[in-house]
Structures are given as structure tokens and as C-alpha cells.
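Residue numbers (the working numbering): 69 to 676.
Right, dumping it as C-alpha cells:
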């Protein structure tokens with residue numbers, strides 16, 4: 069987690085500097101002394117820290133204030149923005165965290181008046197959401213700030229504006245405008261290298277016990293217990309490797325590799341495992357040849373190893389072979405250069421794609437589209453239709469560039485029917501992927517450090533930019549914690565409704581629970597029914613309680629419990645004592661409730 073935090077801080081640091089200085093770098097070089105720029109960099113480092121040192125916002129305040137007092141330039145503007153954020157998110161005091169929304173508003177407003185894109189975005193957020201001690205809601209001002217910031221290519225503002233055009237929030241629905249913005253964001257992200265290969269599944273970014281457990285395990289990585297575990301693992305596999313166990317050699321190679329060990333030793337261990345026909349070892353040894361990892365670059369040898377791995381059933385190796393033949397490889401240290409061969413590339417991509425390797429499906433579609441240019445009529449249409457379905461399958465596995473291609477085809481009606489809304493939704497997924505992950509991971513770290521206030525604010529800002537999982541997080545956190553950030557006590561309902569608007573049906577349970585607290589029983593019943601029909605088993609129990617009250621509907625309650633009992637009977641047995649024990653208790657409760665309801669029905673029939 070420390071490493072993730074460092075990476076996030078470094079990315080944010082780069083973005084801050086680039087936003088302020090990218091377009092005016094020559095002018096700034098003339099107008100701003102190098103020492104002043106160095107002091108801003110130092111203040112930012114103190115503010116955010118890195119992977120080795122925790123940031124100290126409190127200590128950075130004086131540094132930013134000094135920069136503001138001295139001059140009136142771009143650095144002053146950015147320092148005002150940073151001070152606004154420090155007071156907005158708060159900083160550690162002696163006994164508790166200190167916040168000052170009024171002071172934050174003063175700094176952010178001053179910075180926004182000086183056209184800082186980040187400050188304009190924050191002011192737009194503050195004008196749209198009722199924050200305690202913040203400005204009154206003013207949608208016109210919010211939109212003006214958002215548009216000004218978007219014109220400066222500030223990605224969060226562009227995401228927020230596109231989201232409003234997509235769903236008609238405070239503006240008329242304009243799918244073309246939304247698509248244009250999402251495309252622009254993707255190109256900006258591509259220039260900065262902010263385009264991950266795969267989309268992070270939303271479930272991994274929801275602040276739930278499962279995701280928190282995952283991040284806690286990551287946080288433990290690198291501590292003394294983990295180091296001891298790795299030493300024990302190394303010792304165990306070394307003993308097994310001495311007996312010639314190929315798995316042991318492979319695991320040893322992975323341990324050395326993850327520790328940035330001797331690359332020659334890593335390659336040697338892969339070779340020992342590969343000599344015993346271990347397919348993954350052959351594949352990784354081939355990558356050592358391709359990446360000059362402890363071995364001279366030799367694509368010819370790499371191909372030989374990958375082909376052997378494919379024959380042993382490793383279809384990821386077929387994907388690598390497809391890449392080599394698709395692009396060719398002339399820069400080698402040993403062996404012959406490899407010339408591009410689209411037929412061989414097609415052969416190996418077909419093998420990999422037939423075993424659902426997402427990258428292979430994507431490149432197979434690329435080849436089909438390229439070849440389709442030589443066709444006409446129905447053959448041309450059928451080839452493009454095939455390519456579309458391959459892009460879609462690859463996107464369903466989370467491959468980001470496949471989402472992009474799928475969106476283009478849907479937007480233009482190529483290989484499939486034209487659908488601007490579906491196209492815009494795909495562009496949205498691509499455009500927001502980097503921003504969503506970096507911000508939500510940061511918020512989860514805040515939550516793990518018991519800073520729920522900052523966690524909610526980060527998610528609230530991300531949800532303003534249209535990030536669906538952030539909307540769920542704010543709604544869920546406001547429901548279970550005593551949140552005093554917003555003026556509206558029922559703000560969680562608004563965030564959950566926005567998440568539902570984007571298709572997250574898991575919020576129906578929470579919305580149903582809120583409706584019960586408001587005394588809207590019929591609405592709650594309808595929400596729980598919709599949630600259950602969408603596959604959320606959490607909605608079953610409240611429906612059972614509601615149906616069991618009335619004689620006319622008690623049979624529905626019994627049928628629901630019978631269904632739950634059936635589901636439990638066909639579910640795979642849980643591994644581990646705790647899970648197994650929980651399942652047993654759940655079954656006992658279901659049987660008890662079922663027996664009770666059947667008895668109740670019997671009494672109803674006797675009395676009535």
C-alpha cells in the first residue's frame with residue numbers, strides 16, 4: 069500500500085506541475101527564478117511525501133504561505149490552490165484533525181479567479197454540493213467554473229462536464245458533446261501514459277469488507293513479518309529445488325524476480341524448470357530472452373521456447389507469439405531478426421483467443437479489420453461484425469483498448485447497429501479508468517488510516533466527476549457513519565440514486581432500507597423486489613418480513629425462503645472453519661424462519 073501511495077503522490081505531483089506549467093513553460097522559465105520553482109517543488113514534496121516519507125500538510129502550510137507573500141505569478145496561483153485543499157481535507161492537529169472550510173473556500177476562490185483549473189473544479193464541486201460552511205448551491209456558477217476548467221484540459225472537470233451531458237444533469241442531454249469530451253480525455257491520458265491495460269473491476273473499488281481485506285493484505289507487504297515469510301519460502305523452495313523439482317525452481321525464480329534479484333540467476337532457474345517441460349517456466353524464460361533479463365536478446369530462441377510452451381498447453385505463450393509475428397523484431401543481440409508475418413500472427417492469436425486471452429482477441433480483431441479493407445459487400449460486413457464481437461469479448465474481460473475500439477464501432481454503426489448512448493458509456497469507461505482507480509485507492513487508504521472524513525470527500529469529488537463506484541461509496545459511508553460533512557442529512561439517498569442511474573442495482577437494498585426509515589413501506593417493497601429480481605440476495609430477507617405480515621402474501625414469503633434454502637443446498641461448500649460455521653448458522657436460521665412461517669400460515673387458515 070505504501071508503494072501504491074507513493075505512485076499516486078508522484079502522479080498527482082506530476083499532474084499539478086504539468087497543469088500549471090505545461091502550456092507556459094518558456095514564459096515561466098523567463099519570469100520565475102529557478103529557486104522559487106525549487107521551493108514550490110519542496111513544498112509539494114512536504115505536502116504529499118513519497119513512498120519513503122509520509123506527507124505533512126501542516127508543515128507545508130508555512131511554505132505555501134511564504135510563496136504567496138513573495139510574488140504574484142503562476143506559483144502563487146498554485147500555492148493558493150494547495151492551501152485551499154489542505155484546509156478542505158484537513159490536517160492532523162495535536163488531538164484531532166483540523167478543517168476550515170471557510171478558509172479553504174477563500175483560498176480556492178482566489179485561485180479560481182486567477183484561472184487555476186484545479187481550483188475552478190473544486191469551486192464547481194462546492195457550488196453543486198451542500199457542504200457545511202461552504203457556499204450556497206448555485207448550479208449556474210458551478211457550470212461556468214466547470215466549463216472554464218474544461219477548456220484548460222483539466223481531466224476531472226472534463227469528466228464532470230461529460231457526465232452532465234450524458235445524463236442531462238443541469239443541461240440538455242447531448243451525447244455528441246459527451247463523446248467528444250471523453251475522446252479528448254482518452255487522448256490526453258494516452259499522452260501522459262495514464263492508460264492502464266485493464267479496467268479495474270468496480271467491485272474491487274467499493275469500500276466493503278472484501279476490498280478492505282485485500283488492501284490490508286497489500287499494506288502488510290514489505291513489513292517484517294512478510295520479509296520473514298519470504299525468507300521461509302525461499303528456504304523451503306531451495307530445499308525442494310535441490311531435489312530437481314521444477315515447481316520449486318519456478319517459484320524460486322519468481323521470488324528472486326519480485327525482489328529485483330540477479331537476473332542471470334532468475335533466467336537460470338527458469339531454464340531448469342523449463343528443461344523439465346514446465347510450460348510457464350518456458351514462457352518466462354522466453355520473456356527473459358525478449359527483455360534482455362539476464363540473457364542477450366534472442367527472439368529466435370524466444371519463439372522456439374514459446375512454441376514448446378504452446379504445445380504443452382500454455383495459451384498465453386500463443387498470445388506472445390502472435391505479438392512477435394504481428395510487429396516483427398529486428399533489434400536482437402543474437403539469432404536472426406524476426407520479420408512481421410500477419411499469417412503466423414493470425415494463427416497464434418486464433419489459438420490464444422479461442423482460450424479467452426483478452427489481448428489476443430483484441431489483436432485478432434485488429435487483423436480482421438485490416439484484412440477487411442480488401443473485401444466488398446456482404447463479406448466486408450460479416451468480417452467487421454466478427455471483429456466487433458471480438459472487441460466486445462475482449463472488453464468484457466476488461467481490456468481497455470478493446471472498449472475504445474468497441475465504442476468507435478458502435479458510434480459509427482460499423483459491424484453493429486449505431487447506438488450513441490452505448491458508445492458514450494464505453495468511452496466513459498475508457499476515459500475515467502485512470503482517474504477512478506487512483507482516487508478511489510487513495511480514499512481506501514484514508515479509510516484504513518481511520519480518516520473517514522477525507523475518504524468521503526475524495527469519493528464525493530470523484531462522484532461529481534461521474535465515477536459510479538464513488539457514488540456508491542459516498543452513499544454507503546454516509547449511511548453507516550455519522551457524517552457531518554453535508555448540509556443535507558439524506559445526502560446518501562442522492563448519491564445512491566446516481567449510482568442506480570448508472571446501472572448499479574446493488575444500491576436498491578440500501579435505498580429500500582432508507583425508504584423504510586422514512587416510513588415509505590410500499591416504495592421499500594418495490595425497491596427490494598427490484599433488487600431481488602436483479603440477483604441481490606440481500607433483498608430477500610426484508611421481502612420475507614414484509615410478505616409475512618399479511619395472510620394474502622405469506623405464501624410469497626414461504627416461497628422466498630424455500631428458494632433461499634434451495635440456493636444454499638446447491639452452493640459450493642465453503643472452505644475454512646469460519647465460513648463453514650457461518651453457512652451452517654445461516655441454514656439453521658432459514659429452517660427456523662421457514663418453520664415459523666408455515667406455523668403462522670396454519671394459524672391464519674384456522675382463524676380465517
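Cβ atoms here follow ideal geometry from the backbone N, Cα and C, with glycine treated the same way. The structure displayed is predicted, hence computed values, not measured ones.
In three-state terms, what does DSSP make of residue i?
i           : result
residue 476 : helix
residue 510 : helix
residue 640 : coil
residue 623 : helix
residue 417 : helix
residue 163 : coil
residue 233 : helix
residue 662 : helix
residue 199 : strand
residue 381 : coil
residue 449 : helix
residue 559 : helix
residue 170 : helix
residue 670 : helix
residue 570 : coil
residue 362 : coil
residue 275 : coil
residue 89  : Confidence in residue 89 is poor, its pLDDT being 36 and thus under 50, which makes the residue's placement too unreliable to answer from.
residue 633 : helix
residue 460 : helix
residue 406 : strand
residue 330 : coil
residue 397 : strand
residue 132 : helix
What are the boundary residues of the alpha helix (DSSP H) that residue i is part of?
i           : result
residue 594 : 589–601
residue 613 : 608–615
residue 207 : 207–219
residue 438 : 426–440
residue 580 : 575–585
residue 521 : 520–532
residue 258 : 243–260
residue 323 : 314–326
residue 143 : 142–157
residue 548 : 536–548
What is the rounded straight-line gap between the Cα of residue i and the Cα of residue j?
i           : j           : result
residue 517 : residue 154 : 17 Å
residue 349 : residue 233 : 50 Å
residue 496 : residue 241 : 15 Å
residue 352 : residue 107 : 45 Å
residue 248 : residue 436 : 27 Å
residue 301 : residue 338 : 17 Å
residue 180 : residue 405 : 56 Å
residue 409 : residue 326 : 34 Å
residue 125 : residue 135 : 15 Å
residue 264 : residue 670 : 60 Å
residue 223 : residue 119 : 25 Å
residue 372 : residue 388 : 12 Å
residue 91  : residue 251 : Confidence at residue 91 is low in this model, with a pLDDT of 39, below 50, so its placement is unreliable and the value that follows should be read with caution. Going by the C-alpha atoms only, they are around 21 Å apart.
residue 558 : residue 595 : 17 Å
residue 257 : residue 533 : 16 Å
residue 590 : residue 582 : 12 Å
residue 374 : residue 380 : 10 Å
residue 285 : residue 658 : 33 Å
residue 491 : residue 571 : 15 Å
Which same chain residues, not among the five before or five after residue i, have their C-beta less than 8 Å away from its C-beta?
i           : result
residue 484 : 453, 456, 477 and 478
residue 472 : 254, 494, 495 and 498
residue 635 : 605
residue 661 : 612 and 629
residue 369 : 354, 357, 402 and 403
residue 111 : 128, 131, 132, 135, 147 and 150
Sorted by chain position, which residues of the same chain lie with C-beta nearer than 7 Å to residue i's C-beta, five sequence neighbours on each side aside?
i           : result
residue 376 : 350
residue 171 : 155
residue 80  : Here residue 80 scores only 40 on pLDDT, less than 50, and its place in the model is too uncertain to base an answer on.
residue 306 : 320
residue 547 : 560 and 578
residue 99  : Because the pLDDT at residue 99 is just 46, under 50, the model does not fix this residue reliably, and the value given afterwards should be weighed accordingly. Closer than 7 Å at Cβ, skipping near neighbours: 141.
Who are the Cβ neighbours of residue i in its own chain at under 6 Å, not counting the five residues just before and after it?
i           : result
residue 367 : 397, 400 and 406
residue 386 : 378, 416, 419 and 420
residue 184 : 145 and 149
residue 268 : 505
For residue i, write down the residues that DSSP places opposite it in a beta bridge.
i           : result
residue 122 : 117
residue 467 : 266
residue 554 : 199
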